[in-house]
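Q: Protein chains in written order, with our numbering: chain A, 1 to 352; chain B, 353 to 640; chain C, 641 to 919. Quick one: structure below, then a few questions.
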Amino acid sequence: MYVELKNISKRFGDFQASDDVSFGIEKGKLVGLLGPSGSGKTTILRMIAGLERPDSGDIFIDGVRVNDMEASSRGIGFVFQNYALFRYMTVFGNIAFGLEVQKHGKKYIKERVGELIRLTQLEGLEKRYPHQLSGGQKQRVAFARALAPNPHLLLLDEPFAAIDAKVRKELRSWLRETIAKVGITSIFVTHDQDEAVEVADEIIITNRGRVEQIGSPARIYKNPATPFAAQFIGESSVLENYASLRGFHYVAGFDKAVIRPEFIGIFKPGKELYPNASVEGRVEDILFRGNILEVRLDVGGSRMTAYRSLEDPELHVNERVSVLVYRLFLYNQEQVRLIENDVISEKDSVFI
Amino acid sequence: MRRVILSKAGPDGPRRDNNMRPSIIKWTLISLCVLFIVIMLILPLATVIVYALRQGWETFRDAVLDEYAVKALKLTLLSAVLAVSVNTFFGLFASWAITKFHFRGKQILTTLIDIPFSISPVIGGLVFILIFGRIGWAYPFLTAHGVKIVFAVPGIVLATIFVTFPFVSRELIPLMQSQGKEEEEAAALMGASGFHIYRKITLPHIKWGLLYGVILCSARAIGEFGAVSVVSGHLRGKTNTLPLHVEILFNEFNLTAACAVSSILVFLAVVILILRNIAEFRVKKETR
Amino acid sequence: MFSIKRGQSSSIIPGFGLSIGITLTMLSLLVLIPLLSVLLTLSGTTFEVFWKTVTDTQIIATYKVTFSCALAASLVNLIFGIMLAWVLVRYEFPCKRILDGLIELPFALPTAVAGITLTTLYSDKGWIGSLFDKIGVKISYTTTGITIAMIFIGIPFIVRCIQPVLEKLDRQYEEAAFVLGASRPRTFFKVILPEIVPAALSGFGLAFARCIGEYGSVVFIAGNIPYKTQITPLIIMNKLEQFNYAAATSVALVMIIFAFVILFLINSLQSWISRIARG
């Protein structure tokens with residue numbers, strides 16, 4: 001493991017920001033710390049950087065315990081949420097700052113800054129001041145500035161939070177590609193699951209100061225380890241009376257269920273795939289999501305959200321439909337369990 | 353009535369009505385304010401100038417170039433320069449400590465710094481009499497070493513420092529607070545030293561605010577009267593500052609000379625006001 | 641007391657020890673220890689003697705004069721301060737920048753100069769004083785004169801407290817009220833005034849504190865007639881000139897306590913405001 005946290009705890013007054021946090025990150029990985037605000041993700045990042053000190057526990061970078069090491073000697077690049085660009089320095093001055101501090105020669109600094117300017121596609125903007133740059137350009141300057149002194153680990157705090165939604169998508173893939181090109185181990189913090197899923201090789205889900213789950217985006221999505229992970233990732237509906245759905249029975253110890261939109265099929269009455277497994281529902285609302293329709297359903301008093309392809313027969317608000325739930329996650333305080341629709345699995349076994 | 357007629361006149365009617373009444377209110381308010389400023393601020397200024405010159409240019413020149421007036425001006429400028437330097441030095445460090453770090457008792461510290469701002473300047477002079485004066489605890493030590501503080505220049509400087517103590521830090525603290533500390537953190541993370549960070553990152557942010565504070569501090573230091581009056585001893589040519597010189601002339605019923613000397617101070621005040629406006633304009637531009 | 645909170649510091653920024661050390665040292669040497677000398681001087685005095693000194697009828701009279709004039713002056717400034725701030729923020733007119741720049745004159749002009757010019761202006765031979773003299777009203781050497789001097793020094797406080805608030809106040813806010821059919825006066829009193837009240841109050845407090853402590857600009861116009869136009873700071877001065885240090889210090893302590901109370905009220909008000917602003 002390149003970066004390793006062992007039993008890290010941290011309080012701010014009455015607020016437990018980190019509660020016995022342990023995880024490891026492999027060299028070269030791009031890792032997303034994902035969680036709602038107040039979940040302690042930024043605190044973890046700031047502790048790795050040395051901007052905060054943990055109350056207890058150890059932090060290792062490349063096998064060395066860095067708890068008592070000065071932040072500036074940890075070999076870290078840090079991109080701040082609002083970039084914290086030096087307002088009174090040009091783009092060149094910003095990127096060169098860390099190199100000047102390290103007392104590199106003028107010639108080297110010029111070369112290195114030029115290299116980074118090309119990498120971040122900021123050619124021609126060297127003499128501009130931060131207030132003359134767009135949000136995306138500022139982010140790239142912050143990125144270049146963090147990379148300039150050749151850090152071994154790059155930390156990014158909500159790197160896309162201050163950018164327009166439109167530019168954000170482009171920057172996500174740009175950041176992912178550029179980090180891959182540089183080959184630096186990176187950790188970024190985000191509260192946006194789409195962002196984490198799209199950018200990260202690996203996601204660490206945090207909640208209330210604890211780590212809920214670590215894994216690749218796909219793995220977390222398919223096998224959420226905790227109730228929180230099940231609800232937080234994906235557009236999920238929470239269901240209390242799941243036993244009233246056809247094909248599902250009450251399982252002792254599990255009172256609630258989470259249903260993902262893609263677990264739900266919507267059929268016009270009479271056209272059901274599995275009539276015995278379907279229940280009646282009503283279309284409450286239909287939202288156009290660009291490439292897909294998001295359908296809000298009322299099924300026996302419970303709300304569910306499903307997706308529907310634009311190619312499927314058109315639905316109308318208040319229309320009666322047949323709703324088929326293929327599978328759902330049952331959960332309680334500690335556990336999550338994936339349950340398949342009985343009727344379908346029986347049928348399927350017959351077909352097979 | 354008019355409202356009804358106007359609204360019949362078409363869609364523009366009520367709108368025009370709204371615009372007309374405010375213009376009456378607007379100009380009434382502006383006139384009132386201008387009148388207030390003229391009576392309260394401009395007339396006093398005019399009084400000084402007119403009375404200073406009413407016995408002719410010669411008298412004015414004699415009063416201004418009077419030996420004691422020149423000495424008083426020198427002492428005033430000396431104590432102002434010393435007080436402003438000390439308080440600027442303090443302001444730079446205090447604002448750094450208060451805005452860039454979290455620590456217990458910060459609120460109390462800020463309040464303590466503001467004390468001289470809200471207590472009478474007379475008390476600002478009194479406290480130094482209580483320490484260095486004949487009944488003060490430091491008096492035996494001072495006389496033993498032949499040092500004179502009260503009724504001498506050091507006392508005047510100390511009293512001026514006391515009264516203008518918070519002026520620079522008061523300007524810097526809100527300014528630095530609004531700018532946060534991320535830029536300093538970013539620089540420190542790259543290993544820059546404290547001095548380097550201050551010079552390259554912090555100072556460019558606050559230079560106009562600093563100037564603004566220094567200007568306010570200078571104005572108050574030059575004009576300080578109550579505190580200095582207590583510790584000065586009113587020795588002409590030795591411990592008289594310009595405001596004290598004005599007082600003496602006024603009490604000697606030499607109104608023309610008093611106003612002539614005052615006009616030097618008025619001139620300084622106007623220069624300070626102009627500088628202040630430039631600095632404020634720059635501060636506003638930078639924080640925008 | 642001034643230790644870094646464990647874990648709460650961004651200890652990565654250097655210079656805390658040095659800057660807090662210099663701050664505390666200078667604050668103690670130049671402000672706190674001198675102020676404590678007031679208490680030290682009074683430590684030999686019993687409370688009875690202290691109380692008798694500060695409640696002497698002549699001194700009580702100075703409190704009354706000082707407080708009533710300071711209150712009247714701050715109220716006048718409150719009204720004109722709101723008006724001036726409004727005019728300067730919302731209207732465009734010729735010479736506006738000069739008017740705006742002049743507001744700070746009382747800060748920049750030495751108080752003694754202000755004192756003698758106001759005295760001259762309002763004396764029975766002065767430009768304004770002579771007008772009032774004709775109708776039998778005297779201004780210089782009366783409490784009216786003291787109030788005018790206090791208005792002079794208090795002008796900048798309230799204007800400069802309200803101005804930034806008015807500048808930040810979103811115009812859409814009052815436009816919304818206006819569109820909803822509120823009349824202009826109603827919009828002002830129901831929408832705008834509540835927004836500026838906290839700032840106006842804290843400006844009022846600052847001006848009031850300054851007026852109570854003011855010496856230079858008031859002492860000339862006051863005339864210092866015992867029981868009638870004597871202000872409290874002058875009593876301290878008089879007692880000092882009589883070498884009555886104990887009495888001077890006792891009155892000073894009373895004034896310091898008043899100043900602290902006002903400062904405390906302003907600070908609570910400001911933290912209350914920022915709490916509200918944070919929502």
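C-beta: ideal position from N, C-alpha, C; glycine also.
If you compare alpha carbons, which of A:Leu324, A:Ser73, A:Ser216, A:Ala180 is closest to Val197 of chain A?
A: Sequence index remark: in the first sequence, residue 197 of chain A carries index 197 (1-based). Residue A:Ser216 is the option with its Cα nearest to Val197 of chain A.
Q: By the three-class DSSP mapping on this structure, what secondary structure does Asn387 of chain A have?
A: Here chain A covers residues 1 to 352 and nothing more, so residue 387 of chain A does not appear.
Q: Any residues in the stretch 507-540 of chain B with a beta carbon nearer than 8 Å to a beta carbon of chain C? Which ones, in chain order?
A: Per Cβ criterion, the list reads Leu510, Ile513, Phe514, Phe517, Lys533, Glu536, Glu537, Ala540.
Q: Is Arg74 of chain A helix, strand or coil when you go by DSSP?
A: Counting from 1 along the first sequence, the entry for residue 74 of chain A is found at position 74. Of the three classes helix, strand and coil, the one that applies to Arg74 of chain A here is coil, per DSSP.
Q: Whose C-beta lies closer than 6 Å to the C-beta of Leu133 of chain A among residues of the same chain, with five residues either side of it excluded?
A: Position 133 of the first sequence, counting from 1, holds the residue named residue 133 of chain A. The answer is none, since no qualifying residue turns up.
Q: So, helix, strand or coil for Asp312 of chain A, using DSSP?
A: Mapped onto the first sequence, residue 312 of chain A falls at position 312. Three-state result, Asp312 of chain A: coil.
Q: Does the structure place the stretch 533-548 of chain B close enough to the stretch 61-79 of chain A that three or more beta carbon pairs sit under 8 Å?
A: Contact holds: three or more Cβ-Cβ distances are below 8 Å.
Q: Which term fits Gly40 of chain A, buried or exposed, when burial requires 16 or more other beta carbons within 10 angstroms of its beta carbon?
A: Position 40 of the first sequence holds residue 40 of chain A. That one is buried.
Q: Residues bridged to Phe12 of chain A by DSSP?
A: Reading the first sequence from its first residue, position 12 is the one you call residue 12 of chain A. Answer is A:Phe15, bridged to Phe12 of chain A.
Q: Is Ile467 of chain B near Val694 of chain C, with beta carbons less than 8 Å apart?
A: Sequence index remark: in the second sequence, residue 467 of chain B carries index 115 (1-based). Sequence index remark: in the third sequence, residue 694 of chain C carries index 54 (1-based). No. Outside cutoff.
Q: Below 8 Å on the Cβ atoms is my contact criterion, and I expect Val321 of chain A with Ile259 of chain A to pass it. Report the Cβ-Cβ distance as a whole number of Å.
A: On the first sequence, position 321 is the one that residue 321 of chain A refers to. On the first sequence, position 259 is the one that residue 259 of chain A refers to. In fact, because the Cβ distance is near 16 Å, the residues do not count as touching under 8 Å.
Q: Report yes if the CB atom of Leu45 of chain A is closer than 8 Å to the CB atom of Leu155 of chain A, and no otherwise.
A: Counting from one through the first sequence, the residue named residue 45 of chain A turns up at place 45. Counting from one through the first sequence, the residue named residue 155 of chain A turns up at place 155. Yes. Within cutoff.
Q: With distances taken from CA atoms, which of C:Arg850, C:Val894, C:Leu893, C:Phe844 is nearest Gly721 of chain C?
A: By one-based count along the third sequence, residue 721 of chain C stands at place 81. The candidate whose alpha carbon is nearest that of Gly721 of chain C is C:Phe844.
Q: Is the shortest distance between the beta-carbon of Gly575 of chain B and the beta-carbons of chain C less than 8 Å?
A: The residue labelled residue 575 of chain B in the question sits at position 223 within the second sequence. Answer yes: the Cβ-Cβ gap between Gly575 of chain B and chain C drops below 8 Å somewhere.
Q: Following the continuous alpha helix (DSSP H) through Lys256 of chain A, name the residue where it begins and the one where it ends.
A: Sequence index remark: in the first sequence, residue 256 of chain A carries index 256 (1-based). Here Lys256 of chain A belongs to no alpha helix (DSSP H); instead the beta strand (DSSP E) covers 256-259.
Q: Run the CB neighbour count on Glu202 of chain A, radius 10 Å, all protein chains shown included, and call it buried at 16 or more, exposed below.
A: In the first sequence, the residue the question calls residue 202 of chain A occupies position 202. Its Cβ being crowded by 16 or more others within 10 Å, Glu202 of chain A is buried.
Q: How many angstroms separate the CA atom of Ala421 of chain B from the CA atom of Leu667 of chain C?
A: As a position in the second sequence, residue 421 of chain B is number 69, starting the count at 1. As a position in the third sequence, residue 667 of chain C is number 27, starting the count at 1. C-alpha separation (whole angstroms): 33 Å.
Q: Just to confirm the assignment: which complete alpha helix (DSSP H) runs, minimum length 4, are found wholly within the stretch 740-806 of chain C?
A: Taking only runs of at least 4 residues, the alpha helix (DSSP H) segments lying wholly in the stretch 740-806 of chain C are 745-748, 751-762, 767-774.
Q: I'd like to know if Gln102 of chain A contacts chain D, where contact means its C-beta is closer than 8 Å to some C-beta of that chain.
A: This model lacks chain D altogether, as its protein chains are A, B and C.
Q: Taking only beta-carbon atoms, is Ser37 of chain A less than 8 Å away from chain B?
A: Locating residue 37 of chain A in the first sequence gives position 37, counting from the first residue. Not closer than 8 Å to any Cβ of chain B, the Cβ of Ser37 of chain A fails to qualify, so no.
Q: Nearest to Asn603 of chain B by alpha carbon, out of C:Val859, C:Leu893, C:Met877?
A: Residue mapping note: residue 603 of chain B aligns to position 251 of the second sequence, counting from 1. It is C:Val859.
Q: Are the C-beta of Tyr731 of chain C and some C-beta of chain B separated by less than 8 Å?
A: Along the third sequence, one-based indexing puts residue 731 of chain C at 91. Yes - at least one Cβ of chain B is within 8 Å of the one on Tyr731 of chain C.
Q: Between the alpha carbons of Asp575 of chain B and Gly856 of chain C, how many angstroms are there, rounded?
A: Locating residue 575 of chain B in the second sequence gives position 223, where the first residue counts as 1. Locating residue 856 of chain C in the third sequence gives position 216, where the first residue counts as 1. Checking the sequence, you will find Gly at residue 575 of chain B rather than Asp. Their backbone Cα atoms lie some 9 Å apart in a straight line.
Q: Would you say Ile376 of chain B lies against chain A (beta-carbon separation less than 8 Å)?
A: On the second sequence, position 24 is the one that residue 376 of chain B refers to. It does not; no Cβ of chain A falls within 8 Å.
Q: Taking the alpha-carbon positions, what's the Phe288 of chain A to Gly281 of chain A distance?
A: Walking along the first sequence from the start, residue 288 of chain A turns up at place 288. Walking along the first sequence from the start, residue 281 of chain A turns up at place 281. Using only the alpha carbons, I get a separation of about 20 Å.
Q: For Ile344 of chain A and Val325 of chain A, I'd like the C-alpha separation in whole angstroms.
A: Start at 1 with the first residue of the first sequence, and residue 344 of chain A comes out as number 344. Start at 1 with the first residue of the first sequence, and residue 325 of chain A comes out as number 325. Taking the straight line joining both Cα atoms gives about 10 Å.
Q: Output the boundary residues of the alpha helix (DSSP H) element that contains Gly578 of chain B.
A: For the purposes of this step, residue 578 of chain B is identified with residue 226 of the second sequence, where counting begins at 1. 578-584 is the span of the alpha helix (DSSP H), which, as asked, contains Gly578 of chain B.
Q: With 7 Å as the limit, tell me which residues of the stretch 611-640 of chain B have their beta carbon closer than that to any beta carbon of chain C; keep them in chain order.
A: Going along the stretch 611-640 of chain B in chain order, one finds Ser614, Leu617, Val618, Ala621, Ile624, Leu625, Arg628, Asn629 with a Cβ nearer than 7 Å to chain C.
Q: Between the alpha carbons of Thr120 of chain A and Pro36 of chain A, how many angstroms are there, rounded?
A: For the purposes of this step, residue 120 of chain A is identified with residue 120 of the first sequence, where counting begins at 1. For the purposes of this step, residue 36 of chain A is identified with residue 36 of the first sequence, where counting begins at 1. Straight-line Cα distance between these residues: approximately 30 Å.
Q: What would DSSP say about Arg128 of chain A, mapped onto helix, strand or coil?
A: Numbered from 1 along the first sequence, position 128 holds the residue referred to as residue 128 of chain A. Arg128 of chain A: coil per DSSP, three-state reduction.
Q: For a contact defined as C-beta to C-beta under 7 Å, what are the partners of Gly776 of chain C on chain B?
A: Translated into positions along the third sequence, residue 776 of chain C becomes position 136. Going along chain B, no residue has its Cβ under 7 Å from Gly776 of chain C, so there is no contact; the nearest lies around 20 Å.
Q: On the three-pair Cβ rule with 8 Å, is the stretch 796-814 of chain C touching the stretch 833-843 of chain C?
A: Counting Cβ pairs under 8 Å, three or more are found: they touch.
Q: Here's a check: name, in chain order, each residue in its chain whose Cβ is nearer than 7 Å to the Cβ of Glu294 of chain A, leaving out the five neighbours to either side.
A: Here residue 294 of chain A refers to the residue found at position 294 of the first sequence. Within the same chain, Glu294 of chain A has close Cβ partners Leu287, Thr305, Tyr307.
Q: Hey, out of A:Pro275, A:Glu126, A:Ile339, whose CA is closest to Met89 of chain A's CA?
A: Residue numbering aside, residue 89 of chain A sits at position 89 when the first sequence is read from its first letter. Selected option, being the one with the closest Cα: A:Glu126.
Q: How many angstroms separate the CA atom of Val317 of chain A from the CA atom of Lys256 of chain A?
A: One-based indexing of the first sequence puts residue 317 of chain A at position 317. One-based indexing of the first sequence puts residue 256 of chain A at position 256. Straight-line Cα distance between these residues: approximately 27 Å.
Q: How would you list, in chain order, the residues of chain B whose beta-carbon sits under 8 Å from the beta-carbon of Ile652 of chain C?
A: Counted from its first residue, the third sequence places residue 652 of chain C at position 12. Here the neighbours are Glu537, Ala540, Leu541.
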